[in-house]
C-alpha cells in the first residue's frame, strides 16, 4: 500500500546514497521527484510539507540504509 | 502535568481501553483555519493502550473521515506478517480531561473487535502510564 507515495519513494531510492552520505538518520521531505530538504525531526519535516504543499500526500522518511520496521505484537492488526 | 484516570470493569478481560477523539494534527488545523477552510470534526473511537505497539495505529477509514493525506509510509511487522507498508498520518489524540498529544500514527485495518485505535509506545514515550490491576484502573499523564 504505497500507491499515493510511489513517486516519492522512487525519488528516495534514487537519492538514497547521497542522502545517507550527508544526512543519515535525519528526516527527508520529498514531494514528487524533488528532494525538498532534510530535517532533524519528523515533525519539522511534516510542518514544512504542509506549509509548502498543503493537505496533499508527501513523504517524510528517516534516512536509513535499511528501513526499520515498526513492531506490533497485537493480533488486532489485520495485515 | 495533565492526566486522567480511567476504570474498566475488568482490566484482565478488556485491557486498558479508553474513549479517544482523533483530530487532524495541529499543523494542518492551523493551515486550514488560516485559509478559511473548515476543519474536519474529530472522530470519537475506542482505543487501547498497547505497550506491544511501537507506534500508534488508527483504523484506516478514520484518516479518510478526517480528510487526511499520508505524510509517510513505513513497513510494519505483526504476528502474521512482515514488512507490510502502511501510510502514516499526523493526528492529535484527545483523551479525558482535555489531555491531548500529537502523534504520527499508522493507518491500518484493526479487526475483530471494537478497537479503532492503538495507543503505542510513541505516545507513551511522552508521559507516564500507570496500570493498577487490583483496582481495574489506569492513569495516563503527559
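Protein chains in written order, with the numbering used here: chain U, 157 to 235; chain R, 126 to 267.
Each residue gets a CB set at the ideal place from its N, CA and C atoms; glycine is no exception.
Here the structure is a predicted model, which is why all the values come from computation and not from measurement.
Give the range of the beta strand (DSSP E) segment to which residue i is assigned.
i: residue 208(R); result: 206–219
i: residue 259(R); result: Where residue 259(R) is concerned, there is no enclosing beta strand (DSSP E), given that its DSSP letter is neither H nor E.
i: residue 132(R); result: 128–132
i: residue 185(R); result: Here residue 185(R) belongs to no beta strand (DSSP E); instead the alpha helix (DSSP H) covers 185–190.
i: residue 193(U); result: 190–195
i: residue 148(R); result: 142–149
i: residue 202(R); result: 197–203
Relative to the C-alpha of residue i, which candidate in the options has its C-alpha closest?
i: residue 199(U); options: 215(U), 168(U), 174(U) and 220(U); result: 215(U)
i: residue 145(R); options: 227(R), 260(R), 234(R) and 259(R); result: 227(R)
i: residue 211(R); options: 140(R), 230(R), 263(R) and 170(R); result: 230(R)
i: residue 165(R); options: 261(R), 263(R), 254(R) and 217(R); result: 217(R)
i: residue 158(U); options: 209(U), 213(U), 233(U) and 231(U); result: 213(U)
i: residue 184(R); options: 236(R), 156(R), 203(R) and 208(R); result: 236(R)
i: residue 160(R); options: 207(U), 185(U) and 194(U); result: 207(U)
i: residue 191(R); options: 135(R), 137(R) and 157(R); result: 157(R)
i: residue 194(U); options: 162(U), 168(U) and 230(U); result: 168(U)
i: residue 161(U); options: 201(U), 228(U), 187(U) and 173(U); result: 187(U)
i: residue 201(U); options: 171(U), 229(U), 183(U) and 230(U); result: 183(U)
i: residue 168(R); options: 254(R), 130(R) and 189(R); result: 189(R)
i: residue 195(R); options: 233(R), 162(R), 170(R) and 208(R); result: 233(R)
i: residue 193(R); options: 185(U), 210(U), 166(U) and 190(U); result: 210(U)
i: residue 256(R); options: 170(R), 163(R) and 176(R); result: 176(R)
i: residue 230(U); options: 215(R), 213(R) and 178(R); result: 178(R)
Between residue i and residue j, which are expected to be in contact by the criterion C-beta below 8 Å, what is the C-beta distance as a whole number of angstroms?
i: residue 126(R); j: residue 267(R); result: 7 Å
i: residue 172(R); j: residue 142(R); result: 7 Å
i: residue 235(U); j: residue 206(R); result: 5 Å
i: residue 135(R); j: residue 261(R); result: 6 Å
i: residue 203(U); j: residue 192(U); result: Their Cβ separation, rounded to whole angstroms, is 12 Å, which puts residue 203(U) and residue 192(U) out of contact at 8 Å.
i: residue 240(R); j: residue 187(R); result: No, residue 240(R) and residue 187(R) are not in contact; Cβ-Cβ is about 12 Å, not under 8 Å.
i: residue 251(R); j: residue 224(R); result: Contact doesn't hold; Cβ gap of about 11 Å is too wide.
i: residue 221(R); j: residue 131(R); result: 7 Å
Could you spell out where the alpha helix (DSSP H) holding residue i opens and where it closes?
i: residue 170(U); result: 162–179
i: residue 241(R); result: Unbroken run through residue 241(R): none, as it is neither H nor E.
i: residue 219(U); result: Careful: residue 219(U) lies outside any alpha helix (DSSP H) and carries neither H nor E.
i: residue 159(U); result: It is not in any alpha helix (DSSP H) - residue 159(U) carries neither H nor E in the DSSP assignment.
i: residue 198(U); result: 198–209
i: residue 136(R); result: 136–139
i: residue 185(U); result: Segment 183–187 is the beta strand (DSSP E) holding residue 185(U); no alpha helix (DSSP H) there.
i: residue 248(R); result: 246–249
What residues are listed by DSSP as bridge partners for residue i?
i: residue 178(R); result: 228(U)
i: residue 227(R); result: 217(R)
i: residue 159(R); result: Answer is none; residue 159(R) lacks a bridge partner.
i: residue 233(R); result: 184(R)
i: residue 168(R); result: 147(R)
i: residue 215(U); result: 186(U)
Quiz item: Do three or more CB pairs link the stretch 199–212 of chain R to the stretch 216–227 of chain U at distances below 8 Å?
Solution: yes
Practice problem: May I ask you to verify whether the stretch 244–259 of chain R touches the stretch 146–160 of chain R, counting CB pairs closer than 8 Å and requiring at least 3? | Solution: no
Quiz prompt | Cβ pair count under 8 Å reaching 3, the stretch 169–180 of chain U against the stretch 203–219 of chain U | solution = yes
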